[in-house]
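Asks:
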Amino acid sequence: MSDIKLTNEKMKTFDGESGAFKTGAALKKFGDAQNEANEALAANVNDLIRRVCALEDEQLRHAEAMKKLASELSSAKAEIDRLRLTAKLNTSAIQRMSNAVDDTSE
Numbered sequence: 136m137s138d139i140k141l142t143n144e145k146m147k148t149f150d151g152e153s154g155a156f157k158t159g160a161a162l163k164k165f166g167d168a169q170n171e172a173n174e175a176l177a178a179n180v181n182d183l184i185r186r187v188c189a190l191e192d193e194q195l196r197h198a199e200a201m202k203k204l205a206s207e208l209s210s211a212k213a214e215i216d217r218l219r220l221t222a223k224l225n226t227s228a229i230q231r232m233s234n235a236v237d238d239t240s241e
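Taking the working numbering, the leading residue of the sequence shown gets 136, the next gets one more, and so forth.
(1) Looking at the ligand NAP, does it come within less than 7 Å of Glu144, judged from the CB to the closest heavy atom?
(2) Just the C-alpha distance for Arg231 and Ser240, rounded to the nearest angstrom, thanks.
(3) Identify the continuous alpha helix (DSSP H) that holds Lys203 and give its terminal residues.
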């Protein structure tokens, strides 16, 4: 956040004191106070915009990482399925060979 913190005192731009001969000074004081309040508000708004942009960038990085992880997980699942099938086929082939050997020895 900005070093310029918004407070109720900084946002108060008019104190209600005026008189017939004080109008110019009161307007000057009001204008100066309004300018300070605007600067503080602008600094805080700009900080918020920077923070939102940083969060959006972080969200994009996370989304890309999640897509990559999903792709890798899908590839790993396909490889595991292939290994399971190979193991099952090998087990069946070994069993057939074992049965064939048993049949020939009888």
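The beta carbon of each residue, even a glycine, is placed where N, CA and C say it ideally should be.
Replies: Taking the structure as given:
(1) Annotation note on the ligand NAP: not contained in the displayed structure, which lists no ligands.
(2) Straight-line Cα distance between these residues: approximately 14 Å.
(3) Start and end: 158-240.
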